Amino acid sequence: MKRTITHLADGRELFYFDHRDDADRGAVDRRDLPPRPTASELRYDPLTEEWIAVAGHRQGRTFLPPASECPLCPSTSGNLTEIPSAAYDVAVFENRFPSFSTRLGDYQQVGGLSEVRPGIGRCEVVCFTAEHDSSFAMLPPEQVELVMEAWIDRTAELSAMPGVEQVFCFENRGAEIGITLLHPHGQIYAYPYVTPRTRLTLGAAGRHRERTGGNLFADVLAAEREAGTRVVASNEHWTAFVPAAARWPVEVHLYPHRQVPDLVGLEPAERAAFGPLYTDVLRRLDGLFGVPMPYIAAWHQAPVNTGRDLSYAHMELFSIRRAPNKLKYLAGSESAMGAFVNDVLPEEAAHLLRSVVTN
Numbered sequence: 001m002k003r004t005i006t007h008l009a010d011g012r013e014l015f016y017f018d019h020r021d022d023a024d025r026g027a028v029d030r031r032d033l034p035p036r037p038t039a040s041e042l043r044y045d046p047l048t049e050e051w052i053a054v055a056g057h058r059q060g061r062t063f064l065p066p067a068s069e070c071p072l073c074p075s076t077s078g079n080l081t082e083i084p085s086a087a088y089d090v091a092v093f094e095n096r097f098p099s100f101s102t103r104l105g106d107y108q109q110v111g112g113l114s115e116v117r118p119g120i121g122r123c124e125v126v127c128f129t130a131e132h133d134s135s136f137a138m139l140p141p142e143q144v145e146l147v148m149e150a151w152i153d154r155t156a157e158l159s160a161m162p163g164v165e166q167v168f169c170f171e172n173r174g175a176e177i178g179i180t181l182l183h184p185h186g187q188i189y190a191y192p193y194v195t196p197r198t199r200l201t202l203g204a205a206g207r208h209r210e211r212t213g214g215n216l217f218a219d220v221l222a223a224e225r226e227a228g229t230r231v232v233a234s235n236e237h238w239t240a241f242v243p244a245a246a247r248w249p250v251e252v253h254l255y256p257h258r259q260v261p262d263l264v265g266l267e268p269a270e271r272a273a274f275g276p277l278y279t280d281v282l283r284r285l286d287g288l289f290g291v292p293m294p295y296i297a298a299w300h301q302a303p304v305n306t307g308r309d310l311s312y313a314h315m316e317l318f319s320i321r322r323a324p325n326k327l328k329y330l331a332g333s334e335s336a337m338g339a340f341v342n343d344v345l346p347e348e349a350a351h352l353l354r355s356v357v358t359n
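Residue numbers for the sequence shown follow the UniProt record's numbering, beginning at 1 and rising by one.
So this is what it looks like as C-alpha cells:
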C-alpha cells in the first residue's frame with residue numbers, strides 16, 4: 001500500500017491510499033475556494049448531560065448534485081473536485097463542512113444552565129472507490145482491505161490529536177438515510193468527548209465485569225454463536241448476527257472473534273477476513289426486499305483515554321427499511337422518549353437474511 005499526503009486549495013489535508021507503490025498523486029487542486037469555517041460550538045444539555053454541536057455553516061453544504069458535478073469523483077477538466085487526481089483507489093480528506101474542527105472562533109456563553117465550548121476535533125470523508133455508480137457491497141476483497149487500512153491509519157492519527165476523545169468511522173447509504181452525496185463514501189468523526197452511546201455501553205460493560213468477571217461484548221458474542229438462531233454468517237475470524245434485542249427492522253452486528261479496543265488492534269488475517277463477510281452481509285441486505293437497502297454502518301471503537309480494557313471493537317449495521325415499500329420512522333416513542341419498538345422479530349430477520357441468495 002502507498003500512502004500519499006497532499007493539500008487542497010484551502011489548506012485541508014488529503015490522503016491517497018493506493019494499491020500500487022508507483023501511483024502518481026501529484027495533481028494540484030486549482031480551485032478558488034472560500035476560507036474554511038471555524039469550529040462549531042458545543043452546548044451542554046444539563047437535562048441529559050450531553051454535548052450538542054451547533055454548526056451553522058453546514059446548512060450550505062452540497063446537496064445531491066448530478067453525477068457530472070460530483071465532488072467525490074476524480075477531477076476532470078470540466079469538473080474540478082475534492083480529489084485533484086484523475087484517478088484514485090481510496091481517498092480521505094478533511095470535510096469542507098465539518099461538525100468539528102481545530103480552527104477556533106469566538107464562543108460566547110449563552111446561559112440557560114448550559115455551557116459553551118469550541119467543537120474541537122476533526123471530520124474526514126472517506127471515498128471508498130473512484131467509481132461513482134458502485135457501492136461498498138460491490139467492492140472486491142482487496143479494495144475492502146485498502147479501505148480498512150485507511151480506517152486504521154486515520155483512527156491512529158486522529159486518536160493522537162490533542163482534544164480528541166473518540167474516533168468514529170461510519171457510512172450513511174441511501175437517500176432514505178439522508179445522504180447528501182451519492183458517490184460511495186463514508187465519514188470519520190474525531191469527537192472532543194465520549195459519545196452518549198459509548199458511555200452507556202461502557203457503563204453496562206463495567207457493571208457486567210463487576211458481576212461476572214467477564215467482558216460484556218465477548219460474552220454477548222459467545223452467547224449468540226452458541227444460540228445460532230440469529231447468526232447470519234461467519235468465518236474463521238468474524239461473526240455477523242442479529243442482536244436479540246434489535247432496535248431496527250434490519251440490524252446486524254459484526255464482531256471479530258478476538259477482543260481488540262479499536263481497528264488498529266486487528267491483525268492482518270483479521271483485516272483480510274472482514275471484507276468477504278461484510279460484503280456478503282451487505283448483498284444479503286440488498287437482496288432482502290429486491291431494492292438497494294438504505295443503511296448506517298457504524299464502527300464502535302474504544303475511547304482514546306478511558307474504558308479501553310472494557311471495549312470491544314465491532315460494527316453495527318442497521319436499516320430503517322422494514323418492508324419493500326415501508327420505512328421505520330422514529331416517531332413519538334423513539335424520538336421523544338428513546339424507547340424503541342421493533343416491528344420485526346430478530347429471529348425472523350436473521351432467517352430472512354440467511355435465506356437470501358448472494359452471488
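Beta carbons are placed, not taken as given, at the ideal position from N, Cα and C, and that holds for glycine. Note that the structure is a prediction, hence the values are computed from the model and not measured.
Of the listed residues the options, nearest to residue i (C-alpha basis)
i           : options                       : result
Lys326      : Pro261, Ile296, Trp248        : Trp248
Lys2        : Ile120, Asp10, Asp22, Arg12   : Asp22
Leu310      : Gln59, Asp262, Glu115         : Asp262
Tyr193      : Glu13, Arg43, Ala350          : Arg43
Ser101      : Pro74, Met161, Leu200         : Met161
Ser169      : Ala302, Asp133, Leu353        : Looking at the sequence shown, residue 169 is not Ser but Cys. Considering only alpha carbons, the answer is Ala302.
Arg122      : Ala9, Thr129, Leu104, Ser75   : Leu104
Tyr191      : His314, Thr6, Ala53           : Ala53
Asn172      : Ala223, Cys127, Pro324, Glu94 : Cys127
His300      : Ala313, Thr306, Trp51, Phe340 : Ala313
Thr129      : Ala137, Glu82, Asn342, Pro184 : Pro184
Glu124      : Pro140, Leu254, Arg154        : Arg154
Glu50       : Leu200, Pro196, Ala349        : Pro196
Val260      : Ala204, Glu142, Asn215        : Asn215
residue 360 : Glu131, Val28, Val304         : In the structure as shown, the chain begins at 1 and stops at 359. Residue 360 is therefore absent and cannot be evaluated.
Asp45       : Glu347, Gly26, Gly111, Gly60  : Gly111
Ser114      : His132, Thr6, Leu47           : Leu47
Thr229      : Ala349, Ile5, Gln166          : Ala349
Thr202      : Glu131, Thr306, Gly26, Thr6   : The sequence given here places Leu at residue 202; Thr does not occur at that position. With distances taken between Cα atoms, Leu202 lies closest to Thr306.
Leu182      : Pro84, Asp133, Asp343         : Asp133
His7        : Glu82, Gly206, Gly186, Glu226 : Glu82
Val250      : Val167, Ile296, Pro141        : Ile296
Where residue i falls: helix, strand or coil (DSSP)
i      : result
Leu254 : strand
Thr198 : helix
Ser40  : coil
His314 : strand
Arg31  : coil
His7   : strand
Glu94  : strand
Leu216 : helix
Ser319 : strand
Glu50  : strand
Val327 : Note on residue identity: the sequence assigns Leu, not Val, to residue 327. Three-state result, Leu327: strand.
Pro346 : helix
Leu14  : strand
Ser333 : helix
Ala339 : coil
Ser234 : strand
Neighbourhood of residue i by C-beta distance below 6 Å, restricted to the same chain and skipping five residues each side
i      : result
Ala55  : Ser40, Ser99
Ala156 : Val264
Tyr107 : Glu41, Val116, Pro118
Gly174 : Pro294
Ala298 : Phe170, Glu316
Ala9   : Asp29, Arg31, Leu33
Neighbourhood of residue i by C-beta, 7 Å cutoff - its chain only, sequence neighbours within 5 removed
i      : result
His57  : Pro37, Phe97
Ala233 : Ala240, Leu277, Asp280, Val281
Leu266 : Pro256, Val260
Ala137 : Thr279, Leu282, Arg283, Asp286
Pro292 : Gly174, Asp286
Close-in-space but distant-in-sequence residues of the same chain around residue i (CB under 8 Å, 5 per side omitted)
i      : result
His237 : Pro256, His257, Arg258, Ala269, Glu270, Ala273, Phe274
Glu176 : Pro294, Ile320, Arg321, Leu327
Gly178 : Asn172
Thr76  : Ala86
Gln59  : none
At least three beta-carbon pairs within less than 8 Å, the stretch 29 to 38 to the stretch 146 to 160
Contact between the stretch 29 to 38 and the stretch 146 to 160 is absent, because fewer than three Cβ pairs lie under 8 Å.
Run through the stretch 105 to 140 for me and flag every whole alpha helix (DSSP H) of 4 or more residues, listed as ranges in chain order.
Counting only runs of 4+ residues, no alpha helix (DSSP H) is found wholly inside the stretch 105 to 140.
Scan the stretch 240 to 309 and note each continuous alpha helix (DSSP H) run of 4 residues or more that stays entirely inside, going in chain order.
Counting whole runs of 4 or more residues, the stretch 240 to 309 contains the alpha helix (DSSP H) stretches 268 to 288.
Assess contact between the stretch 65 to 74 and the stretch 210 to 221, defined as three or more Cβ pairs (one per stretch) separated by less than 8 Å. Is contact present?
Contact fails between the stretch 65 to 74 and the stretch 210 to 221, because fewer than three Cβ pairs, one in each stretch, are under 8 Å apart.
For the stretch 85 to 94 and the stretch 13 to 32, state whether three or more C-beta atom pairs, one from each stretch, are separated by less than 8 Å.
Using a Cβ-Cβ distance cut-off of 8 Å, the stretch 85 to 94 and the stretch 13 to 32 are in contact, since at least three pairs of beta carbons, one from each stretch, lie closer than that value.
Please go through the stretch 137 to 208 and give each complete alpha helix (DSSP H) segment of 4 or more residues, from N-terminal end onward.
141 to 159, all fully within the stretch 137 to 208.
Would you check if there are 3 or more beta carbon pairs closer than 8 Å linking the stretch 347 to 359 to the stretch 286 to 293?
Result yes; three or more Cβ-Cβ pairs closer than 8 Å.
Are three or more beta carbon pairs between the stretch 69 to 76 and the stretch 4 to 14 nearer than 8 Å?
Not touching, per the Cβ criterion.
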